[in-house]
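One structure is given below, encoded as structure tokens.
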Amino acid sequence: MNLPQLKSLGLGVVTGAAVTVGATLGRQLVTKVKVGKGHPLKHRVLDLASGALQAKYPIDAMSTYLNGLHMYADDMGRQVEAAHFCIHLRHDLHQCVIFDRNATDARLIGIEYIISEERFRTLPADEKKLWHSHHYEVKSGILTAPGVPEIAEHSYFKDLVSTYGKTFHTWQYDREDFPYGVPQLMMGFTADGQANEDIIRARDARVGVSTRSKRASREDIATPQVDPGANHWESGQSLQTTTEDVPFRSSLRPR
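In full-length UniProt numbering, the protein residues as written are 1 to 255.
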């Protein structure tokens, strides 16, 4: 192969790669048109190029989308929709990032860890106070997996009904359109009459689910015996995070 042929081949490879990347960027531009409004052009180009070229293994591993409602651990009157995107990290542990909705311009509002009943029962009493049970969220139909076929969803929630979650929201989006303040501990509902029906109806219409139908289809799922250490707010007391000034340690610790 002579030099002109090599140059031609090289140009073809480069051109092909450019076309592929360009097509990918074009698709991302269409799907992310709402994201990054007001950013300088160079920032938006960098965002799109990163989206096309960088591997993001933790994000790719998120296999489950769950939609539910959370309440602030110290205030049942403050209830918000939560779109969970979860990784089944180990047999007894899920980890989820939470957004305000399932959309390209959704706000990242928190995290949740979900553990098995067996793992929860080994936790110290003080740690258990940070966790909530999922029995009512599942049985009531409030927690749902939009788009998943009924048979598969039913099987999934049959396993999830006995789990426990620890949730912190980093963005109080029910009050501010900016992530002010410290992370807030969140809880789940445990009985009828607690969840705001208006929020549920609005969620159902937007996501395309029926909480009432989900509840009916899950009647055969057995309600587990809930550990009394969970759902600490039911005692009449609750935990919530605050900030305080503490001494700063400037000395280096030996390795």
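Ideal Cβ positions, reconstructed from N, Cα and C, are used throughout, including at glycine.
Worksheet item: DSSP on D192, reduced to helix/strand/coil?
Response: Position 192 of the sequence shown, counted from the start, is the residue given in the question as residue 192. In the structure shown, D192 sits in coil (DSSP, three-state: anything other than H, G, I, E or B).
Worksheet entry | Secondary structure of H135, DSSP reduced to three states | Counting from 1 along the sequence shown, the entry for residue 135 is found at position 135. Note: H135 maps to helix in three-state DSSP.
Worksheet item: Taking just the CA atoms, how far does N231 sit from I59?
Response: Reading the sequence shown from its first residue, position 59 is the one you call residue 59. Reading the sequence shown from its first residue, position 231 is the one you call residue 231. Answer to the nearest angstrom: the Cα atoms are 30 Å apart.
Discussion item. Quick check for students: name the residue ranges of the beta strand (DSSP E) that lie wholly in the stretch 96-126, counting only runs of 3 or more.
Written reply: 108-115
Worksheet item: Is I142 helix, strand or coil when you go by DSSP?
Response: Along the sequence shown, read from residue 1 onward, the residue named residue 142 stands at position 142. I142 falls in the coil class under three-state DSSP.
Fill in: Residue closest to R90, alpha-carbon to alpha-carbon, out of G110, S116, P146 and V246
In the sequence shown, counting from the first residue as 1, residue 90 sits at position 90. It is S116 whose Cα lies nearest to the Cα of R90.
Discussion item. Nearest by alpha-carbon distance to C96: which of F157, D105 and F168 is it?
Written reply: By 1-based counting over the sequence shown, the position of residue 96 is 96. Out of F157, D105 and F168, F168 has the C-alpha closest to the C-alpha of C96.
Worksheet item: Which term fits F99, buried or exposed, when burial requires 16 or more other beta carbons within 10 angstroms of its beta carbon?
Response: Your numbering for residue 99 matches position 99 in the sequence shown. Buried, by the Cβ-count rule.
Discussion item. At 3 residues or longer, what runs of the beta strand (DSSP E) sit wholly inside the stretch 47-85?
Written reply: 64-72
Fill in: Inter-residue Cα distance where the pair is V21 and A55
Start at 1 with the first residue of the sequence shown, and residue 21 comes out as number 21. Start at 1 with the first residue of the sequence shown, and residue 55 comes out as number 55. Residue placement at V21 cannot be trusted, given a pLDDT of 41 that sits under 50; the coordinates are not used to answer.
Worksheet item: Of all the options G51, A82, A52 and A49, which has the alpha carbon lying nearest to the alpha carbon of Y65?
Response: Locating residue 65 in the sequence shown gives position 65, counting from the first residue. Of the listed residues, the one whose Cα sits closest to Y65 is A82.
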